[in-house]
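Numbering (our numbering), first residue to last: 28 to 304. Beta carbons: idealized from backbone N, C-alpha and C, even for Gly. As the structure is a computational prediction, the values presented were derived from the model and not from experiment. Quick notes on the structure that follows.
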């Protein structure tokens, strides 16, 4: 009985690996190397690349994993060295391959080069609940047939325009916060939303697909709350309010700190260094 169970488990794992390899295209070229050591107490992160390319510089493994699984770094559960081991990754997506497949391709690359194994789970964690403020919703509801519904535009970082339900808005706003944002407004409509705010640069650094940023080693980590992100002022010197203040004043909503189950990626095993290119 035990032997039969083990054989079934092995075949299931083998089939899953085979399916993963068949379904996911491979990068045309991919190199992974250790990032340059920190010499002056400053850590430079870069997540970019021309269309069809990946160019990550100096990223901790946790940030790379967050990019691969399209989550934020606090949703990655694993050993502490995921924060200290930093790498440069350069890769080219084959011509004709949909870029939407890039995260899965990156997962496959990490599984191959770092012998990564993982499973998905949920963890009770800190979140922000998006709720209706005491004076009600301030943005206009529009018909679902309105032109441009579902399209999100950011003409500059911190300026957002969209016609969408709040359930879609929270996915984007979570990228600018230090914890997930969950829609608890119970509003079912589609809204014409315009939002101007000053992003917290420490949270911008963790955005999947974020641009070049720099942060001192040892600077404060995620934190803060409504009205004064990470203990700072509610408004920046240029006059833009924090995300919390903007959501309240411009949308008539509120971000309340709470606890809720959040999807996580649990790293079961992973080599500290990759195999050779």
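By DSSP's assignment, residue 188 forms a beta bridge with 180 and 221. The beta carbon of residue 299 lies closer than 7 Å to those of 108 and 112 in the same chain, with the five residues before and after it left out. In its chain, beyond the 5 residues on either side, 187 have a beta carbon closer than 6 Å to the beta carbon of residue 181. Going by DSSP, residue 136 is part of the alpha helix (DSSP H) stretching over 129-141.
According to the DSSP assignment, residue 94 belongs to the alpha helix (DSSP H) that extends over 88-96. Close CB contacts of residue 167 within its chain, under the 8 Å cut and outside five residues either way in sequence, are with 218 and 219 (chain order). Nearest Cα to residue 266 within the set 118, 284, 185 and 200: 185. Across the set 225, 210 and 103, the C-alpha of 103 shows the shortest separation from the C-alpha of residue 149.
Within 10 angstroms of the beta-carbon of residue 105 lie 16 or more other beta-carbons, which makes it buried. Between the alpha carbons of residue 85 and residue 141 lies a gap of roughly 17 Å. For residue 173, there is no enclosing beta strand (DSSP E), as DSSP marks it with neither H nor E. Going by C-alpha positions, residue 164 is about 15 Å away from residue 156.
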